[in-house]
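Chemist: Okay, so the sequence shown: first residue is 6 according to my numbering, each after it adds one.
Backbone N, C-alpha and C fix where the C-beta goes; we use that ideal spot for every residue, glycine too.
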Amino acid sequence: MSTKTVWITGATAGFGAATAERFLAGGWRVIASGRRAERLTALVAKYGADRVHAAAFDQRDEGALRHAIDTLPPAFAEVDLLVNNAGLALGTGLAQESDLAQWKQMIDTNVTALVTMTRLLLPRLIARRGAIVNLSSISGSYPYRGGNVYGGTKAFVTQFSQNLRVDLHGSGVRVTSIEPGMAQTEFTVVRTGGDQAASDQLYAGAHPITAGDIADTIWWVANLPAHLDITRLEIMPVSQSAAGLQVHRD
Ligand code: NDP
Ligand code: 8X3
Numbered sequence: 006m007s008t009k010t011v012w013i014t015g016a017t018a019g020f021g022a023a024t025a026e027r028f029l030a031g032g033w034r035v036i037a038s039g040r041r042a043e044r045l046t047a048l049v050a051k052y053g054a055d056r057v058h059a060a061a062f063d064q065r066d067e068g069a070l071r072h073a074i075d076t077l078p079p080a081f082a083e084v085d086l087l088v089n090n091a092g093l094a095l096g097t098g099l100a101q102e103s104d105l106a107q108w109k110q111m112i113d114t115n116v117t118a119l120v121t122m123t124r125l126l127l128p129r130l131i132a133r134r135g136a137i138v139n140l141s142s143i144s145g146s147y148p149y150r151g152g153n154v155y156g157g158t159k160a161f162v163t164q165f166s167q168n169l170r171v172d173l174h175g176s177g178v179r180v181t182s183i184e185p186g187m188a189q190t191e192f193t194v195v196r197t198g199g200d201q202a203a204s205d206q207l208y209a210g211a212h213p214i215t216a217g218d219i220a221d222t223i224w225w226v227a228n229l230p231a232h233l234d235i236t237r238l239e240i241m242p243v244s245q246s247a248a249g250l251q252v253h254r255d
């Protein structure tokens, strides 16, 4: 059994929770972070404090993040893999109708918190010749109505990932940008401000990606031979494809 350690941000739901379960099943130690402490506590209760370290904090709070890093138990202090997964979309409206506070929360979480996390863990990842998996999205490549700032944050994540690879050249650290399409998690409930019916309707009949699909993908990426780097990976359900440009006529 491997004794590697992965830090998964946003491990309380969706991709992050499924990825935590996948890596625990594979024998890794997991540092699980997110705001909902009770879900992290349940993971520790299920697997034991020697396998899971819970770090409950808001990823946007740099002081809390630094504290979480500084107080890692010795067994979890050497990090082999960072999965930058915590993130969210807020709102589905057009730019001209959007809530500026929601835009800023997406930028603070998906961009600022992600780069802060990355920068602070880079020394440990370099020391381990480790790896970084960033959760981007197809919304960073394909524009759609209402994607505005969310898509912008994910385009940042994709490009930041590629630039990280260049700077880390020769370090042995691998960097991957995973860019999923429609996946059924808590994502749409969060995006719509708690509208479960809207979420159910979006996914109905579409056979969307599951959280387990993404967890299995991250597991595959992380466990490839050390000389291979999956640089970008776009994943869509078979039911989803990009279509067309729009034309407005007088
Ligand atoms: P979920 O809503 O199911 O999970 C999001 C996770 O992010 C939760 O664990 C949540 O934890 C965490 N999170 C959000 N804000 C913060 C914060 N301020 N501090 C700490 N943790 C935070 O969504 P998904 O699993 O679908 O999304 C995971 C990632 O995948 C996101 O980056 C998303 O943009 C991306 N993605 C999702 C797709 C989809 O269709 N579902 C497709 C492509 C990419 P908590 O609330 O407990 O803090
Ligand atoms: C989530 C996928 O298409 O809803 O990143 O933007 S999408």
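I'd like to confirm something about Phe165: is its beta-carbon nearer than 7 Å to some heavy atom of ligand 2, or not?
Modeler: The count along the sequence shown starts at 1 and reaches residue 165 at position 160. No; taking the cut-off as 7 Å, the Cβ of Phe165 has no heavy atom of ligand 2 nearer than that.
Chemist: Using the rule of at least 16 other Cβ atoms within 10 Å of the residue's Cβ for burial, across every protein chain shown, is Thr114 buried or exposed?
Modeler: Counted from its first residue, the sequence shown places residue 114 at position 109. So Thr114 ends up on the buried side.
Chemist: Going by the CB atoms, is the gap between Phe81 and Arg40 shorter than 8 Å?
Modeler: Taking the sequence shown and counting its residues from 1, one reaches residue 40 at position 35. Taking the sequence shown and counting its residues from 1, one reaches residue 81 at position 76. Result no, Cβ atoms of Arg40 and Phe81 do not sit closer than 8 Å.
Chemist: Under the DSSP definition of a beta bridge, which residues are partnered with Ser182?
Modeler: Here residue 182 refers to the residue found at position 177 when the sequence shown is read from its first residue. DSSP, once it has assigned bridges, lists Asn139 and Arg237 as partnering Ser182.
Chemist: Can you tell me whether Tyr149 is buried or exposed, with buried defined as 16 or more other CB within 10 angstroms of its CB?
Modeler: What you label residue 149 is simply residue 144 of the sequence shown in a count that begins at 1. The residue in question, Tyr149, is exposed, as its Cβ has fewer than 16 Cβ neighbours within 10 Å.
Chemist: Would you call the region 228–237 and the region 123–131 in contact, with 3 or more CB pairs under 8 Å?
Modeler: no
Chemist: Counting only the same chain and skipping the five closest in sequence on each side, list residues whose C-beta sits under 6 Å from that of Asn139.
Modeler: Numbered from its first residue, the sequence shown carries residue 139 at position 134. So the qualifying residues of the chain are Asn89, Val162, Ser166 and Ser182.
Chemist: So which of Glu239, Lys9 and Gly199 has the shortest CA-CA distance to Ala188?
Modeler: The count along the sequence shown starts at 1 and reaches residue 188 at position 183. The shortest Cα separation from Ala188 among Glu239, Lys9 and Gly199 belongs to Glu239.
Chemist: Using CA atoms only, rank isn't needed, just tell me which of Trp224, Gly249 and Asp85 is closest to Gly31.
Modeler: Looking up residue 31 in the sequence shown gives position 26. It is Trp224 whose Cα lies nearest to the Cα of Gly31.
Chemist: Determine, using beta carbons only, whether Gly259 and Gly145 come nearer to each other than 8 Å.
Modeler: The chain is shown only over 6 to 255; residue 259 falls outside these bounds and no answer can be derived.
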